[in-house]
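So the protein sequences, as listed, match chains A and B. The first sequence begins at 465 in my numbering and counts up by one. The second sequence begins at 178 in my numbering and counts up by one. By construction, the Cβ of each residue, glycine as well, lies at the ideal position given by its N, Cα and C atoms.
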Amino acid sequence: MPSQPRPGTIIRVWTIVFLFIALKAVGNLSLAWGMKHFPQVMSANPLPYVLAMFNPFVALGVLALILALLMRMALLSLADLSYVLPVTAIGYVIAAFLGKTFLSEVVSGQRWLGTALIFAGAALVSSTAPSSTGNQSQ
Amino acid sequence: MKWILVTLMVAATVLSDLLQSYEMKRAGRQSVDARGLMRLLREIARRRFLILAIGCMAVSFFSFMALVQTEPLSFAVPASAASFVLETLLAKVLLRERIGVRRAVGAVIVLCGVILVGG
């Protein structure tokens, strides 16, 4: 039988899921915005990347993505990998919305269908206990 | 070349996530307030597998960047979703996670969604 989650674990898990998704979305958007307005294109030379770090949007993006990484690690201390993967895929849905809203990207019918499937699958997975391996101890 | 990059990207992602999950389960429950984040940074510094996991993440990231320079995103994103299947299977086998019917069906539905979003 799966171990019963501690009281408050579900709230804690979902708080961190929310923070992870928000930081990842803000980080990616800020990074994309900063890089779009940076004159250098991709190259093997690392200097343009170092210079890009001085762009405030790029720096904010990198900081948000580092925080998102820490959130995901904290999440993995509370929940199974097989739970975290589908639940955090909701980030793809947010990316589609942000792309449409801020970057004026066209979101096709196929992409909206994919988005709906991600929501449905994540909802199904989130109805299971986050941890099945008993890693609930401090 | 593209399949070498896909293999490298998927292998690095899978290894990174398995190592992170393994080490974070051993580290115990973490919190994300200021004190919790400092504790988490200390855990990363003293656990070699977590440092290795971050290295794998970097390999995966640069493989993805190299892939999208030559291949369309509609190929790269669904190809990266292969790691999703492998990780779920290996989480069951190596990390001894219990994956019931609901979680397995949900994961397959999410996978289909990710492929459609990328396609």
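Interface residues of chain B facing residue i [CB-CB closer than 7 Å]
i	result
residue 588 of chain A	279, 282, 283, 286
Rounded separation between residue i and residue j - CA only
i	j	result
residue 196 of chain B	residue 240 of chain B	19 Å
residue 194 of chain B	residue 292 of chain B	20 Å
residue 543 of chain A	residue 267 of chain B	16 Å
residue 515 of chain A	residue 536 of chain A	28 Å
residue 473 of chain A	residue 501 of chain A	42 Å
residue 201 of chain B	residue 218 of chain B	12 Å
residue 238 of chain B	residue 478 of chain A	26 Å
CB contact below 8 Å: residue i versus chain B
i	result
residue 477 of chain A	no
residue 517 of chain A	no
residue 601 of chain A	Unreliable positioning characterises residue 601 of chain A in this predicted model, as indicated by a pLDDT of 41, which lies under 50. The coordinate reading is nonetheless provided below. Chain B contact via Cβ: present.
residue 499 of chain A	no
Neighbour flag for residue i against chain A, beta carbons, 8 Å
i	result
residue 289 of chain B	yes
residue 265 of chain B	yes
residue 205 of chain B	yes
Partners in chain A for residue i, counting only beta-carbon separations shorter than 9 Å
i	result
residue 187 of chain B	Under the 9 Å cutoff, chain A gives no residues; its nearest Cβ is about 14 Å from residue 187 of chain B.
Status (buried if at least 16 other CB within 10 Å, exposed otherwise) for residue i
i	result
residue 261 of chain B	buried
residue 569 of chain A	exposed
residue 488 of chain A	buried
residue 246 of chain B	exposed
residue 484 of chain A	buried
DSSP-derived helix/strand/coil call for residue i
i	result
residue 579 of chain A	helix
Cross-chain neighbours of residue i in chain B, by beta carbon under 9 Å
i	result
residue 584 of chain A	283, 286, 287, 290
residue 578 of chain A	289, 290, 291, 292, 293, 294, 295, 296
Interface residues of chain A facing residue i [CB-CB closer than 7 Å]
i	result
residue 198 of chain B	540, 545
residue 194 of chain B	545
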